[in-house]
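Everything on this sheet refers to the single structure shown next.
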Amino acid sequence: MDEIVKKNYFELMALVDRGELTGEEVYNAFLHTIDKKDHEIKAYLTINKEYEYKKGELKGIPIAVKDNISTEGIKTTCGSKFLENYIPPYDATAVIRLKNNGGTIIGKTNLDEFAMGSSTENSAFWTTKNPWDTERVPGGSSGGSAAAVASFQAPVALGSDTGGSVRQPAAFCGIYGLKPTYGRISRYGLVAFASSLDQIGVLSRNPKDIAIILKNMAGVDSMDATSSSVKTEDYDDFINIEPSRTKIAVLKFPKESLSSEMKIAYDEYIDFYSKRGFILEEIELKYWEYGLFVYYIIASSEASANLSRYDGIRFGKRAKADDIETLYLKSREEGFGREVKRRILMGTYSLSAGFFDEYYMKATKVRAVISGEIKNIFNVYDFVILPTTPEVAFKIGEKNDNPIKMYYSDYFTIPFSLGGFPAINIPFKLNDSGLPIGMQIASNHFKERELLSISDFLEKEIKFENNILGGFR
Ligand code: GLN
67 MDEIVKKNYF ELMALVDRGE LTGEEVYNAF LHTIDKKDHE IKAYLTINKE
117 YEYKKGELKG IPIAVKDNIS TEGIKTTCGS KFLENYIPPY DATAVIRLKN
167 NGGTIIGKTN LDEFAMGSST ENSAFWTTKN PWDTERVPGG SSGGSAAAVA
217 SFQAPVALGS DTGGSVRQPA AFCGIYGLKP TYGRISRYGL VAFASSLDQI
267 GVLSRNPKDI AIILKNMAGV DSMDATSSSV KTEDYDDFIN IEPSRTKIAV
317 LKFPKESLSS EMKIAYDEYI DFYSKRGFIL EEIELKYWEY GLFVYYIIAS
367 SEASANLSRY DGIRFGKRAK ADDIETLYLK SREEGFGREV KRRILMGTYS
417 LSAGFFDEYY MKATKVRAVI SGEIKNIFNV YDFVILPTTP EVAFKIGEKN
467 DNPIKMYYSD YFTIPFSLGG FPAINIPFKL NDSGLPIGMQ IASNHFKERE
517 LLSISDFLEK EIKFENNILG GFR
């Protein structure tokens with residue numbers, strides 16, 4: 067069993083293709099592992115015991131799906147009491163495409179309520195544990211997806227990234243996590259948090275698996291007007307990376323933005339490239355530091371509008387009340403958790419008549435400036451490198467009473483989200499206590515193939531996967 071679940075998605079596809087295993091045997095091996103391990107890790111909210119397979123490239127190999135992505139007939143809770151019993155009548159476009167190409171959905175993974183958070187501690191159900199150290203958070207909001215992949219309870223998982231929710235948990239759990247270009251994957255069926263930022267992403271233990279999954283779900287969709295018609299590519303057909311012809315911008319940050327071990331790791335990461343002959347140049351961005359503030363205004367504003375649909379009438383929870391006004395109020399009061407309420411309040415405030423220009427409008431202007439500053443880099447450089455997180459996975463409970471500290475988890479990921487750029491977490495090394503340290507690479511819009519190619523180049527040199535396979539527990 068252990069032998070099967072430790073294999074990569076593409077390896078499992080090949081084994082099934084050669085007739086050495088069936089897709090169902092692979093599926094059952096993962097179910098078995100979930101049965102053994104998940105009471106400890108708590109990555110899944112719902113497990114799908116039924117193996118349903120349509121013939122296709124993905125050969126029935128399972129995929130875990132974040133629980134804010136709609137799955138027909140399978141509960142989709144968004145980690146919220148509001149949707150505790152909600153069963154969508156349809157599949158998200160990403161899900162239906164994967165299923166039509168032979169993918170299977172093994173379960174739904176835990177998240178911060180409505181994807182608002184950086185640790186899964188905002189889930190209304192439970193906190194997922196980091197498989198490397200179960201006293202620590204797996205990151206978030208796609209923490210369940212990251213923990214499932216890192217603990218061999220799924221070969222790949224879908225997440226969603228609004229400000230960092232795929233890359234940050236990937237960094238905390240020592241795996242790869244790609245947030246594609248905004249519009250590369252249809253958002254139809256991804257429960258809306260901040261629509262101008264939300265994007266489905268993929269988490270896996272190696273870049274090739276991400277490329278295969280991306281290829282099988284990307285592309286324009288008539289159900290999502292913001293999906294892009296730019297042609298998709300065979301993302302798993304990697305480009306040969308020639309260091310001496312590859313220009314990389316190394317982002318510089320104030321010392322206090324990184325823990326001391328992250329600072330050292332970042333220097334090693336830069337060295338890694340320079341030793342191999344990449345063309346490196348240091349760059350300081352003037353507006354980067356405003357990203358976090360701009361994001362929290364824009365994301366909360368959009369969230370306050372998007373979440374108005376949970377009124378106690380149309381979806382999920384309905385509180386007992388004698389009149390309609392009380393019904394709205396009580397349903398929202400009982401259905402939403404603290405962080406979600408906080409975001410709705412912040413958003414409603416920024417959008418209110420007296421403050422709209424001062425907050426929301428100003429934020430959209432600064433967003434354009436930040437995006438433009440990043441876009442300018444890509445006129446000259448192929449990639450941008452930087453850390454993924456300010457520090458390694460923190461202890462459960464450590465930041466619970468300080469939302470601002472929690473928000474800083476996304477300091478290095480948010481600006482790419484604001485500009486819609488693709489970016490990936492690379493598991494780079496382990497710190498002295500054996501916890502993973504993640505680094506980031508970003509590229510210009512729609513350069514996912516290039517981004518995955520350089521990630522594969524790195525994995526072949528760093529061989530981080532051996533750390534995971536070496537097996538913690
Ligand atoms: N941690 C950020 C937030 O809380 C990002 C979340 C996300 O990307 N979904 O909003």
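One rule links them: number in the numbering used here = place in the sequence shown (from 1) + 66.
Beta carbons are placed, not taken as given, at the ideal position from N, Cα and C, and that holds for glycine.
According to DSSP, which residues form a beta bridge with S226? I266
Does the Cβ of G230 have 16 or more other Cβ atoms within 10 Å, making it buried, or fewer, making it exposed? buried
The ligand GLN and Y361: does any heavy atom of the ligand fall closer than 8 angstroms to the residue's C-beta? yes
Using only the heavy atoms of the ligand GLN, determine whether one of them is closer than 8 angstroms to the beta carbon of Q506. no
7 angstroms CB neighbourhood of G267 in its chain, flanking five on each side removed: G225, S226, D227, V232, G243, L244, K245 and P246
Short check: CB of G173 to CB of N114, under 9 angstroms? yes
Between Y331 and F494, is the Cβ-Cβ spacing less than 9 angstroms? Position check: residue 331 holds Ala in this sequence, whereas Tyr was assumed. Their beta carbons are under 9 angstroms apart, which means A331 touches F494 by this criterion.
Is the separation between the beta-carbon of R398 and that of A365 shorter than 9 angstroms? no
Using 8 angstroms as the cut-off, classify the Cβ of F460 as near or not near the heavy atoms of the ligand GLN, replying yes or no. no
So, are the CB atoms of Q219 and I100 less than 9 angstroms apart? yes
For L269 and I349, the rounded distance between their alpha carbons: 29 angstroms
Mind checking R84: buried by the 16 CB within 10 Å criterion, or exposed? exposed
Roughly how many whole angstroms lie between the Cα atoms of A489 and E391? 44 angstroms
For Q219, the three-state DSSP class (helix, strand or coil): coil
So, using beta-carbon positions, are R515 and E308 closer together than 9 angstroms? no
Measuring CB to CB, does V131 end up less than 9 angstroms from F96? no
What is the DSSP secondary structure of V203, reduced to helix, strand or coil? coil
Does G210 have its Cβ less than 9 angstroms from a Cβ in chain B? Looking for chain B here will not work: only one protein chain is present.
Which residues does DSSP list as the beta-bridge partners of E77? Paired residues: none, contrary to the question.
Can you tell me whether Q540 sits near the ligand GLN, meaning its C-beta is under 8 angstroms from at least one heavy atom of the ligand? With the chain covering only 67 through 539, there is no way to say anything about residue 540.
Pull the bridge partners of M182 from the DSSP assignment, please. In the DSSP output, where bridge partners are listed per residue, M182 has none listed.
Below 8 angstroms, is the gap between the Cβ of Y473 and the nearest heavy atom of the ligand GLN? yes
Test item: CB-CB of P456 and S325 under 9 angstroms: yes
CB of S231 to nearest heavy atom of the ligand GLN: below 8 angstroms? yes
Assuming T186 and V203 make a contact with CB atoms under 8 angstroms, what is their CB distance in whole Å? 6 angstroms
Quick one: complete alpha helix (DSSP H) runs, 4+ long, within the region 70-117? 75-83 and 89-107
What is the rounded straight-line gap between the Cα of S416 and the Cα of M289? 30 angstroms
Contact the region 517-535 vs the region 272-287: 3+ CB pairs below 8 angstroms: yes
What I want to know is whether the C-beta of A489 ends up closer than 8 angstroms to one or more non-hydrogen atoms of the ligand GLN. no
Nearest-angstrom Cα separation, counted from D104 out to S541: Limits of the chain in this structure are 67 at one end and 539 at the other, which puts residue 541 out of reach.
9 angstroms Cβ cutoff met for L280 and Y361: no
Tell me whether A181, by its Cβ, gets closer than 8 angstroms to a heavy atom of the ligand ATP. The ligand ATP is absent from the structure shown, which contains only the ligand GLN.
Determine the extent of the beta strand (DSSP E) in which Y242 is found, giving its start and end residues. Y242 to K245
When you compare each of E355, Y376, L411 and N282 to D476 by their alpha carbons, which one comes out closest? E355
I need the boundaries of the beta strand (DSSP E) containing K495, first residue and last residue. A489 to L496
Got a sec? Which residues, its chain only, sit under 6 angstroms from M472 by beta carbon, not counting five neighbours each side? S184 and K465
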